[in-house]
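Quick note on the numbering used here: the sequence shown kicks off at 112 and runs consecutively.
Don't be surprised by glycine CBs; every beta carbon is placed ideally from N, CA and C.
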Amino acid sequence: MEIKDAKVYFWQLIQQKQLSHAYLLTGKSIAEKRELTQWIVQSLICEKPHASGGACLNCMDCQRVAQGQFADWMTIQPEGKTIKVDQIRDLKEWLSTSPLEASFKIAVIEQADLMGNAAANALLLFLEEPAENVYIFLYSQQADQLLPTIVSRTQELLIVESKIEDQLDALVQNGIHRQHAYLMKQMGSDDTLVEAYQAEEFEQWIISLNHFYELIISRDPYSFVWVQQQLKGYLSYWQARAGIDYLIWLNSYLLLDRYSLSEDETNFSPKMLKVFDKVKLNSTSTLHHEINNLLFDSKIYLNANVSPQLIYEKIAICSCRW
Ligand SMILES: [Zn+2]
112 MEIKDAKVYF WQLIQQKQLS HAYLLTGKSI AEKRELTQWI VQSLICEKPH
162 ASGGACLNCM DCQRVAQGQF ADWMTIQPEG KTIKVDQIRD LKEWLSTSPL
212 EASFKIAVIE QADLMGNAAA NALLLFLEEP AENVYIFLYS QQADQLLPTI
262 VSRTQELLIV ESKIEDQLDA LVQNGIHRQH AYLMKQMGSD DTLVEAYQAE
312 EFEQWIISLN HFYELIISRD PYSFVWVQQQ LKGYLSYWQA RAGIDYLIWL
362 NSYLLLDRYS LSEDETNFSP KMLKVFDKVK LNSTSTLHHE INNLLFDSKI
412 YLNANVSPQL IYEKIAICSC RW
């Protein structure tokens with residue numbers, strides 16, 4: 112998702128005290144990951160957050176964070192070409208002490224894919240038993256550049272670069288329908304998507320995913336059959352992965368009341384928009400969070416080479432149990 116969407120998403124998590132201990136921010140732009148992380152810290156400590164959500168950016172606390180003077184934040188960057196095990200040990204020691212200014216500590220590991228095995232394993236032990244009120248953000252361009260065991264203990268969020276209009280223009284020049292291009296940007300791995308693109312098939316895939324989402328959020332057991340009958344044709348590894356990124360985006364989109372889906376921005380037919388209106392009326396934010404967690408878990412299974420069909424079936428089964 113784009114940084115503006117990510118901010119709304121994290122603001123919801125902060126308010127509902129649902130922030131996880133470890134996030135993996137993927138995507139190309141390190142500047143946007145830094146901006147987002149700083150904003151999250153500011154939003155955690157700001158005394159006068161905006162009524163519409165998020166840090167005010169003007170109070171003393173917000174300013175201190177912006178100026179890098181917030182004592183409970185530590186950032187690790189590679190020393191030379193790697194992140195060394197001693198850096199991770201120092202970080203763990205720092206994290207084990209009490210916060211000085213806030214009620215939490217935050218650690219950022221930039222270019223986390225440059226951790227050698229020793230450093231990664233040292234971090235792993237820490238991620239397995241996260242300390243109270245400690246938040247860790249790992250940055251990496253792609254999740255598969257990290258040890259799967261590390262990835263599986265984080266929530267991975269793809270941050271799409273914001274100059275999306277330029278990127279959409281480029282995709283449209285490649286013969287891609289503008290609305291499809293917009294949805295593709297929410298799915299990550301766009302090179303593969305662009306290569307395999309056929310307008311009609313893409314359209315059918317999105318319709319299938321939308322209906323699947325409607326079924327799981329309605330806790331309808333038919334979702335299981337839907338995987339076998341309709342989604343089965345869209346479950347190659349990369350497509351399954353892009354589909355889950357799409358569902359994460361859709362779920363957060365519907366969770367956040369400030370968005371109203373409009374036809375010109377997304378690809379939804381008037382019929383589908385009506386369905387989503389119904390979903391919004393009948394679902395709770397708790398349910399959206401359950402689905403959110405379920406989808407993040409699904410990405411972990413996918414990275415661990417579990418069969419995509421099994422993963423989608425598991426989403427269907429779990430959603431019926433709530
Ligand atoms: Zn503030």
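**Request:** Could you check the C-alpha separation between Leu206 and Ile125 for me, to the nearest Å?
**Result:** 20 Å
**Item:** Buried versus exposed call for Ala307 [16 or more other C-beta atoms within 10 Å across all chains shown]
**Value:** exposed
**Asked** What residues match up with Met185 in a beta bridge as DSSP calls it?
**Response** Ala218
**Prompt:** Just to confirm, are Tyr423 and Val336 a CB contact at a threshold of 7 Å?
**Reply:** no
**Prompt:** Can you tell me whether DSSP reads Leu257 as helix, strand or coil?
**Reply:** coil
**Top-ranked residue by Cα proximity to Ser415, from Gly299, Leu304, Ala254 and Gly344** = Going by the sequence as given, residue 415 is Ala instead of Ser. When each option's Cα is compared against that of Ala415, the closest is Ala254.
**Asked** So, using beta-carbon positions, are Leu202 and Ala213 closer together than 7 Å?
**Response** no
**Request:** Please name the residue, chosen from Leu130, His132, Ser263 and Val271, that lies closest to Ile141 on a Cα-to-Cα basis.
**Result:** Val271
**Message:** Can you tell me whether Ala177 sits near ligand 1, meaning its C-beta is under 6 Å from at least one heavy atom of the ligand?
**Reply:** no
**Asked** Cys170: beta carbon under 6 Å from a heavy atom of ligand 1?
**Response** yes
**Asked** Buried or exposed: Ala292, going by 16 or more other Cβ atoms within 10 Å of its Cβ?
**Response** buried
**Request:** Tell me whether Tyr435 sits in a helix, a strand or coil according to DSSP, three-state version.
**Result:** With the chain represented from 112 up to 433, any question about residue 435 goes unanswered, as that position is not in the structure.
**Asked** Going straight from the alpha carbon of Leu258 to that of Ala230, what length do you get?
**Response** 11 Å
**Item:** Selection from Asp172, Leu392 and Asn362 that minimises the alpha carbon distance to Leu405
**Value:** Asn362
**Prompt:** So is the beta-carbon of Cys157 under 6 Å away from any non-hydrogen atom of ligand 1?
**Reply:** yes
**Message:** Suppose contacts are defined by Cβ-Cβ distances below 7 Å. Is Asp356 in contact with Gly299 by that definition?
**Reply:** yes
**Prompt:** For Leu413, does the count of other Cβ atoms within 10 angstroms reach 16, so buried, or fall short, so exposed?
**Reply:** buried
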